[in-house]
Amino acid sequence: MSQFDRRSFLKLSSATLIGVTMGGVSLNAVAQEAVKADDPMAVAMKYVAKSTTADQTCGNCMHYAKDAKGDSGGCAIFSGKLVAKAGWCAGWMKAA
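Offset between the sequence shown (1-based) and this note's numbering: plus 1065.
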């Protein structure tokens, strides 16, 4: 049986917290190119660069990078790509 003392627990917990925090911050930093309309994931998620649904845009979605500046930002659904702040996809969920 392994020993898992309080010190080890605190080290693991703090490393996990830092990793989760940096992961969220890096969504926008890693994203480099905009999602294209013919991208297979965009087609599957019905992504559009300009939302036609009232009060539903990427900018107010929970998957959109909160630290995004400008007209585009990172998205948890389209990892590594930028989405339009005014866009929309089928994965839209209201940000808390």
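C-beta atoms are modelled at their ideal positions from N, C-alpha and C, and glycine is treated no differently.
Compare the C-alpha of residue i against each of the options and name the closest.
i       : options                            : result
Cys1154 : Gly1135, Leu1082, Ser1073, Asp1104 : Asp1104
Gln1121 : Leu1075, Ala1160, Ser1079, Ala1080 : Ala1160
Ala1109 : Ile1142, Phe1069, Lys1131          : Ile1142
Gln1097 : Ala1130, Gly1139, Cys1123, Met1158 : Gly1139
Cys1126 : Trp1157, Gly1145, Ala1119          : Trp1157
Is residue i helix, strand or coil by DSSP?
i       : result
Cys1154 : coil
Ser1116 : coil
Ser1144 : coil
Lys1040 : Nothing about residue 1040 can be reported from this structure: the residues present for the chain run from 1066 to 1161 only.
Lys1076 : helix
Ala1149 : strand
Ala1109 : helix
For residue i and residue j, what's the separation of their Cα atoms in angstroms?
i       : j       : result
His1128 : Arg1072 : 34 Å
Met1066 : Ala1149 : Summary for Met1066: the model assigns pLDDT 45, below 50, so the residue's position carries little reliability; its value from the coordinates is reported in the next sentence. When rounded, the distance between both Cα atoms is 51 Å.
Asp1136 : Ala1114 : 11 Å
Met1106 : Val1100 : 9 Å
Asn1093 : Thr1117 : Its pLDDT being 48, under 50, Asn1093 is placed unreliably by the model, and the measurement read from it follows with that caveat. Looking at the two C-alpha atoms, the distance is approximately 24 Å.
Ala1119 : Ser1144 : 25 Å
Leu1033 : Tyr1112 : The requested residue 1033 is not part of the displayed model; the chain covers only 1066 to 1161.
So is residue i buried or exposed if we call it buried at 16+ other beta carbons inside 10 Å?
i       : result
Gly1152 : buried
Quick one: is residue i near chain D, going by C-beta distance under 8 Å?
i       : result
Gly1156 : Of the chains in the structure shown, none is chain D; there is only one protein chain.
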